[in-house]
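Enquirer:
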Amino acid sequence: MPNNSLRVAPPRAEPLALATEIHAFEERRVELEQKYLGKFVLFYGAELIGAFEDLNSAAKEAIARFGRGPYLIRKVGVPSTVDAGTALHIK
3 MPNNSLRVAP PRAEPLALAT EIHAFEERRV ELEQKYLGKF VLFYGAELIG AFEDLNSAAK
63 EAIARFGRGP YLIRKVGVPS TVDAGTALHI K
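So the sequence shown is residues 3 to 93, counted in this note's numbering.
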């Protein structure tokens, strides 16, 4: 007789990808809005790597320094519900 029960995957032991970067961005949001409003910021881990005029410049720097990532690039001053930046993890 076949077993038709559902299988549930065990919880992941590793933290959610980009959780550290997102937390660091949120913790520094006020400071970032004062200094870098309208710019794209790059976070790797909890570290702010830099602020850039456009997404392409931020992405080039991220790839040159960190390869496949993950890292967070987000436009400062845009509500989090709007996908104005991007989070990159290249496989």
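Just so you know, even glycine gets a beta-carbon here, dropped at the ideal spot from N, CA and C. Quick caveat, the model's predicted, so the values are computed rather than measured.
For the candidate residues 33, 25, 49 and 44, whose alpha-carbon lies nearest to that of residue 55?
Expert: Taking only the C-alpha atoms, the option nearest residue 55 is 44.
Enquirer: With residue 23 as the anchor, note down where its alpha helix (DSSP H) starts and where it stops.
Expert: Taken as a continuous stretch (DSSP letters only), the alpha helix (DSSP H) holding residue 23 covers 21-29.
Enquirer: So what's residue 12 in DSSP terms, helix, strand or just coil?
Expert: For residue 12, the predicted model reports a pLDDT of 49, less than 50, meaning its position is unreliable and no value from the coordinates is stated.
Enquirer: Would residue 75 pass as a contact of residue 50 if the rule is Cβ separation under 8 angstroms?
Expert: Contact flag unset, no.
Enquirer: Just the C-alpha distance for residue 77 and residue 63, rounded to the nearest angstrom, thanks.
Expert: Using only the alpha carbons, I get a separation of about 15 angstroms.
Enquirer: Are residue 122 and residue 46 touching if we call contact CB-CB under 8 angstroms?
Expert: Residue 122 is absent from the structure shown; the chain starts at 3 and stops at 93.
Enquirer: Relative to the C-alpha of residue 73, which candidate in 30, 59, 48 and 32 has its C-alpha closest?
Expert: Of the listed residues, the one whose Cα sits closest to residue 73 is 48.
Enquirer: For residue 23, count neighbouring Cβ atoms within 10 angstroms of its own Cβ and tell me buried if that reaches 16, exposed if not.
Expert: So residue 23 counts as buried.
Enquirer: Between residue 19 and residue 65, what straight-line distance do the alpha-carbon atoms span, to the nearest angstrom?
Expert: Rounded to the nearest angstrom, the two C-alpha atoms are 17 angstroms apart.
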